[in-house]
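Participant: Once you've had a glance at the structure underneath, I'll fire off some questions.
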Amino acid sequence: MPHLQRPGQEGWHTTFVKKTFPVLEMTCAACAVSVESMLQSVEGVKAAGVNFANQSAWVEYNPDIATVEELQKTVRSIGYDLVIDEANSNEIKEAAQHDHYKSLQQRTIWASVLSVPVVVIGMFFMDLPYGNYISMILTLPVIAWFGRSFFINAWKQARHGKANMDTLVALSTGIAFLFSAFNTVNPAFWHARGIHPHVYFEAAAVIIAFISLGKLLEEKAKSNTSSAIKKLMGLQPKTVRVVIDGNEQELPVANVQPGHTILVRPGEKIPVDGIVSSGSSFVDESMITGEPVPVQKEKDSKVFAGTINQKGSFQFMAQKVGNDTMLAHIIKMVQEAQGSKAPVQKLVDKIAGIFVPVVIGISILTFIVWMVAGGDNAFTNALMTSVTVLVIACPCALGLATPTAIMVGIGKGAENNILIKDAESLELAYKVDAVILDKTGTITEGKPVVSQMIWLPAKANNRALKQVLYSLEIQSEHPLAEAVINELKKEQVTGGGELKQFESLTARGVTGVAGGARYYVGNKQLINEKAIKIDSYLVQPAEELQRQANTVIYFANEQEVLAIIAIADKIKNSSPNAIRQLQNMGIEVYMLTGDNEQTAAAIAKETGVAHYVAGMLPADKAGFVKKLQQQNKVVAMVGDGINDSHALAQADVSIAMGKGSDIAMDVAKMTLITSDLQSIPKALVLSRKTVRTIKQNLFWAFIYNLIGIPLAAGVLYAFNGFLLNPMIAGAAMALSSVSVVTNSLRLKTTQL
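Here our numbering is used: the first residue of the sequence shown is -2, the next is one more, and so on.
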């Protein structure tokens, strides 16, 4: 009998599975790093990644060694949670986020309410009888209850040798409170040594209230963001009509099998991928191609899940169902692109990871030095200076440096029609050196309109002919017919007389009889087929209009073409100027489109785009983004459709047009309320100025610590006997916070 090897032994065939789980309780980018490192340490896990922005983790693991319960237990050990109930994961995640937001809101309100009287007493009524006791009683619940999460998180981080902003908050407020409580209960200890005991209750309470408010604003932004994935899933109908032995049956979409014949009626969504077996219609495939003109479907044409049928009805045979459909692939690609992006660690969290251990080290060193060389009052001065070091290293200015600049920057963006969903995109946008623009709905209006209607000179003012054209087009199912109807309505033309023998000519046009004469509206193929003469007056304009990316249709009687009608997706007036502005900023501009080469070339030429690619599918666009990223470019993707969602998720900075699909706006980190592309250069300039303000804020916050901490440690004592007065330290701390906020507010007056 052959020897069977165990999992993990050489030669054992392992099958790894890759799953994505929602993660709960993450409050900063450092949290994501902690969860990721813990998941990677689990035996049987090949790779793992955590995305703070969408609160999820992907794990590639061997199910024979690691179980989802083990993964959850590991994440819970450091204070977070992994949702492993796949069937209800979104509902559990949303409920948990809602509960967390409500709890945080209550804690922030109460911490703020209790902090106000403590600040008033500490700043204006220092000599109030029992003032210190009142402050201590009011501060205790702020620290012990409303701010407990900072201490819990700091402890969990410390158990694994990690530190973040919570560690800094917990240390400074905890030490400040305990030291102040000791000074309140036992002031005689310091009086006996000739020192006045100071209290820092207001500093401890206000830090908790301020930082809680910042977290609340961040959670509010997250809770207002709806799920792009959920909306994509909503594109698939819940039930379908399946034809079995000539009888219609309604089945849940999950029960559809390859080979089933499915009936699709006008206006319905197509449930799965397949091939048309009978009937014909036009199908809106803009979610896949991004192109505004619906595509004609007849026998043997392919149809895709999530696309929308127009006026006709047809039957098709299911080929790909469930997770094999193109819609399912788009959903999966969006999930993977969002999850695979390494979370950008917020600058302050990175700094806190180094800053906290350094401050603790300086505080301990200060205590040791004073104990060794402090003389008669060695212990007193050692305790006072080491505590002052911890108190003066308060995270207020450091904590406010980034969020205040971001908040003002986001507000400035909103004033300029730029909605910014998260700080990450605002911090990153200034580095962008490649911008990818979708064509339809981004560079162009996204709706077919008549660009020109040229009549034979003798027929130009014949209202009766225009009425015949209107009557033919009003009965046509072709999507371009609506553009012609809208154009004729501008001239107050409506149907006149009775149209008889109307007939739709598949893939060519329509025909009908009016006033005893037969008329046609259709493409060049129909005109050639019926051997209808085209006057030389119309030949050259028709060719020229086609070269300019117009679709040309012909209106004719049985003898001659009476008019040509050019239909195009018009370029927005602002597009050429916006593209020129981006190029002047040294940014390479690319246009990607699902349209044909001729149309793409014409649009690129007219707008000044140097690089373009035609015939792109959703996965192609995302692949193009990845290719530029591999060339070390920071890529911004601008789009408006479901077909752009994968590329938007893949890009470093994603921008959606406000009039685009909900999916694109959900995935994108920025949304332009206006359809004016000139908002894109403004967004990049805003990012540049915001990041500059953040750096200035951090500089001043660190200068304060660089000067304040050595003074608090008593470096000048050996030279002139100077020890920093804690009240001066408190004032300097407040001043540093005020300077940071004031500097951030300067962004409001900046010009974009």
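For every residue, glycine included, the Cβ atom is placed at its ideal position computed from N, Cα and C.
This structure is a prediction, so every number in the text was calculated from the model and none was measured.
Give the list of continuous beta strand (DSSP E) stretches no shorter than 3 residues that lie fully inside the segment 547 to 614.
Facilitator: As far as the segment 547 to 614 is concerned, its whole beta strand (DSSP E) runs of at least 3 residues are 548 to 554, 558 to 568, 585 to 589 and 608 to 610.
Participant: If we count the other Cβ atoms within 10 Å of its Cβ and call it buried at 16 or more, is GLN595 buried or exposed?
Facilitator: Residue 595 sits at position 598 when you count from the first residue of the sequence shown. Exposed.
Participant: So TRP187 is in the alpha helix (DSSP H); what residue range does that whole segment cover?
Facilitator: For the purposes of this step, residue 187 is taken as residue 190 along the sequence shown, with counting starting at 1. 185 to 188 is the extent of the alpha helix (DSSP H) around TRP187.
Participant: If the criterion is Cβ atoms closer than 8 Å, does the pair GLY492 and ILE524 meet it?
Facilitator: Here residue 492 refers to the residue found at position 495 when the sequence shown is read from its first residue. Here residue 524 refers to the residue found at position 527 when the sequence shown is read from its first residue. In this structure, ILE524 does not lie closer than 8 Å to GLY492 by Cβ.
Participant: Below 8 Å on the Cβ atoms is my guess for THR548 versus LEU477; work out the distance and round it to an integer in Å.
Facilitator: As a position in the sequence shown, residue 548 is number 551, starting the count at 1. As a position in the sequence shown, residue 477 is number 480, starting the count at 1. About 7 Å; that satisfies the 8 Å criterion.
Participant: On the criterion of 16 or more Cβ atoms from any shown chain inside 10 Å, does MET588 qualify as buried, or is it exposed?
Facilitator: As a position in the sequence shown, residue 588 is number 591, starting the count at 1. Looking at its Cβ environment, which holds 16 or more other Cβ atoms inside 10 Å, MET588 is buried.
Participant: Look up ASN48 in the DSSP assignment and say whether it is helix, strand or coil.
Facilitator: What you label residue 48 is simply residue 51 of the sequence shown in a count that begins at 1. DSSP places ASN48 in strand when its eight states are reduced to three.
Participant: When burial is assigned at 16 or more other CB atoms within 10 Å of the CB, is PRO454 buried or exposed?
Facilitator: Residue numbering aside, residue 454 sits at position 457 when the sequence shown is read from its first letter. With fewer than 16 other Cβ atoms within 10 Å, it is exposed.
Participant: PHE18: buried (16+ other C-beta within 10 angstroms of its C-beta) or exposed?
Facilitator: Translated into positions along the sequence shown, residue 18 becomes position 21. Buried: at least 16 other Cβ atoms inside 10 Å.
Participant: For THR508, which of helix, strand or coil comes out of DSSP?
Facilitator: If you number the sequence shown from 1, residue 508 lands on position 511. Correct three-state label for THR508: strand.
Participant: According to the Cβ coordinates, are VAL429 and VAL688 closer than 8 Å?
Facilitator: Position 432 of the sequence shown holds residue 429. Position 691 of the sequence shown holds residue 688. No, the pair does not count as a contact, with Cβ atoms beyond the cut-off.
Participant: Give the DSSP-derived three-state secondary structure of LEU453 in the structure shown.
Facilitator: Stepping through the sequence shown from its first residue, residue 453 is reached at position 456. In the structure shown, LEU453 sits in coil (DSSP, three-state: anything other than H, G, I, E or B).
Participant: Taking contact to mean 3 or more Cβ pairs, one atom from each stretch, closer than 8 Å, check whether the segment 444 to 453 and the segment 401 to 419 are in contact.
Facilitator: No contact exists between the segment 444 to 453 and the segment 401 to 419.
Participant: Quick check: what's the CA-CA separation for THR401 versus SER672?
Facilitator: Translated into positions along the sequence shown, residue 401 becomes position 404. Translated into positions along the sequence shown, residue 672 becomes position 675. Spanning the two alpha carbons is a distance of roughly 29 Å.
Participant: Using CA atoms only, rank isn't needed, just tell me which of LYS666, VAL253, ALA325 and TRP152 is closest to ILE407.
Facilitator: Here the question's residue 407 lines up with position 410 in the sequence shown. Ranking LYS666, VAL253, ALA325 and TRP152 by Cα distance to ILE407 puts LYS666 first.
Participant: Quick test of your reading: LYS303 and PHE279, contact by CB under 8 Å. State the CB separation rounded to the nearest angstrom.
Facilitator: For the purposes of this step, residue 303 is taken as residue 306 along the sequence shown, with counting starting at 1. For the purposes of this step, residue 279 is taken as residue 282 along the sequence shown, with counting starting at 1. It is worth fixing the name first, because residue 303 is Gly in this sequence and not Lys. Rounded, the Cβ-Cβ distance is 16 Å, inconsistent with contact.
Participant: Determine contact between the segment 231 to 248 and the segment 191 to 207, defined as no fewer than three beta-carbon pairs at a distance below 8 Å.
Facilitator: Short answer: they don't touch.
Participant: For GLU7 and TYR58, what's the separation of their Cα atoms in angstroms?
Facilitator: Counting from 1 along the sequence shown, the entry for residue 7 is found at position 10. Counting from 1 along the sequence shown, the entry for residue 58 is found at position 61. At GLU7 the pLDDT is 41, less than 50, meaning the model places this residue with poor confidence; the figure from the coordinates comes in the next sentence. Distance between the alpha carbons of GLU7 and TYR58 is about 17 Å.
Participant: Compute the Euclidean distance between the alpha carbons of ASN221 and THR64, then round it to the nearest angstrom.
Facilitator: Position 224 of the sequence shown, counted from the start, is the residue given in the question as residue 221. Position 67 of the sequence shown, counted from the start, is the residue given in the question as residue 64. Unreliable positioning characterises ASN221 in this predicted model, as indicated by a pLDDT of 43, which lies under 50. The coordinate reading is nonetheless provided below. Between ASN221 and THR64, the C-alpha separation is close to 33 Å.
Participant: Roughly how many whole angstroms lie between the Cα atoms of VAL509 and TYR517?
Facilitator: The sequence position of residue 509 within the sequence shown is 512, counting from 1. The sequence position of residue 517 within the sequence shown is 520, counting from 1. In the sequence as presented, Val is not what sits at residue 509; that position holds Gly. The alpha-carbon atoms of GLY509 and TYR517 are separated by roughly 7 Å.
Participant: Is it buried or exposed, TRP152, if we count other Cβ atoms within 10 angstroms and call 16 or more buried?
Facilitator: Here residue 152 refers to the residue found at position 155 when the sequence shown is read from its first residue. Label assigned to TRP152: exposed.
Participant: Measure the alpha-carbon distance for LYS624 versus ILE564 and round it to whole angstroms.
Facilitator: Here residue 624 refers to the residue found at position 627 when the sequence shown is read from its first residue. Here residue 564 refers to the residue found at position 567 when the sequence shown is read from its first residue. Spanning the two alpha carbons is a distance of roughly 35 Å.
Participant: Buried or exposed: GLN52, going by 16 or more other Cβ atoms within 10 Å of its Cβ?
Facilitator: On the sequence shown, residue 52 is found 55 positions in, with the first residue counted as 1. Classification of GLN52: buried, given that the 10 Å Cβ count is 16 or more.
Participant: Compute the beta-carbon to beta-carbon distance between ALA546 and ALA599, rounded to the nearest angstrom, for a pair I have assumed lies under 8 Å.
Facilitator: Residue mapping note: residue 546 aligns to position 549 of the sequence shown, counting from 1. Residue mapping note: residue 599 aligns to position 602 of the sequence shown, counting from 1. About 4 Å separates the two Cβ atoms, so the contact holds.
Participant: Relative to the C-alpha of VAL712, which residue among SER383, GLN316 and GLY655 is closest?
Facilitator: If you number the sequence shown from 1, residue 712 lands on position 715. Selected option, being the one with the closest Cα: SER383.
Participant: Short of 8 Å in beta carbon distance, which residues of its chain neighbour LEU380, apart from the five on each side in sequence? Order them along the chain.
Facilitator: For the purposes of this step, residue 380 is taken as residue 383 along the sequence shown, with counting starting at 1. Closer than 8 Å at the Cβ level, and outside the excluded window around LEU380, lie PHE364.
Participant: Hey, would you say LEU496 sits closer than 8 Å to ALA514, going by beta carbons?
Facilitator: By 1-based counting over the sequence shown, the position of residue 496 is 499. By 1-based counting over the sequence shown, the position of residue 514 is 517. No, the pair does not count as a contact, with Cβ atoms beyond the cut-off.
Participant: For the beta strand (DSSP E) containing PHE699, name the first residue and the last one.
Facilitator: Here residue 699 refers to the residue found at position 702 when the sequence shown is read from its first residue. Per DSSP, PHE699 belongs to no beta strand (DSSP E); it is in the alpha helix (DSSP H), 676 to 710.
Participant: Using C-beta distances below 8 Å, list every residue in its chain close to GLN312, excluding the 5 sequence neighbours before and after it, in chain order.
Facilitator: Counting from one through the sequence shown, the residue named residue 312 turns up at place 315. These residues qualify, in order along the chain: VAL240, THR258, ILE259, LEU260, VAL261, VAL273, SER274, SER275 and GLY276.
Participant: Look up GLY636 in the DSSP assignment and give the residues it is bridged to.
Facilitator: Numbered from 1 along the sequence shown, position 639 holds the residue referred to as residue 636. BP columns for GLY636 point to ALA653.
Participant: Would VAL14 and PRO60 be called neighbours here (beta carbons separated by less than 8 Å)?
Facilitator: Residue numbering aside, residue 14 sits at position 17 when the sequence shown is read from its first letter. Residue numbering aside, residue 60 sits at position 63 when the sequence shown is read from its first letter. In this structure, PRO60 lies closer than 8 Å to VAL14 by Cβ.
Participant: Going by other Cβ atoms of all chains shown within 10 Å of its Cβ, with 16 needed for buried, is GLU484 buried or exposed?
Facilitator: For the purposes of this step, residue 484 is taken as residue 487 along the sequence shown, with counting starting at 1. Counting Cβ neighbours within 10 Å, GLU484 comes out buried, since at least 16 surround it.
Participant: Could you have a look at LYS487 and say whether DSSP puts it in helix, strand or coil?
Facilitator: Your numbering for residue 487 matches position 490 in the sequence shown. Reduced to three states, the DSSP call for LYS487 is helix.
Participant: What residue range is occupied by the uninterrupted alpha helix (DSSP H) comprising ASN751?
Facilitator: Here the chain comprises residues numbered -2 to 749, so residue 751 is not present and cannot be evaluated.
Participant: Counting along the chain, where does the beta strand (DSSP E) carrying GLY271 start and finish?
Facilitator: By 1-based counting over the sequence shown, the position of residue 271 is 274. Residues 270 to 276.
Participant: Would you mind sorting TYR701 into buried or exposed? The rule is 16 or more other CB atoms within 10 Å of its CB.
Facilitator: What you label residue 701 is simply residue 704 of the sequence shown in a count that begins at 1. Result: buried.
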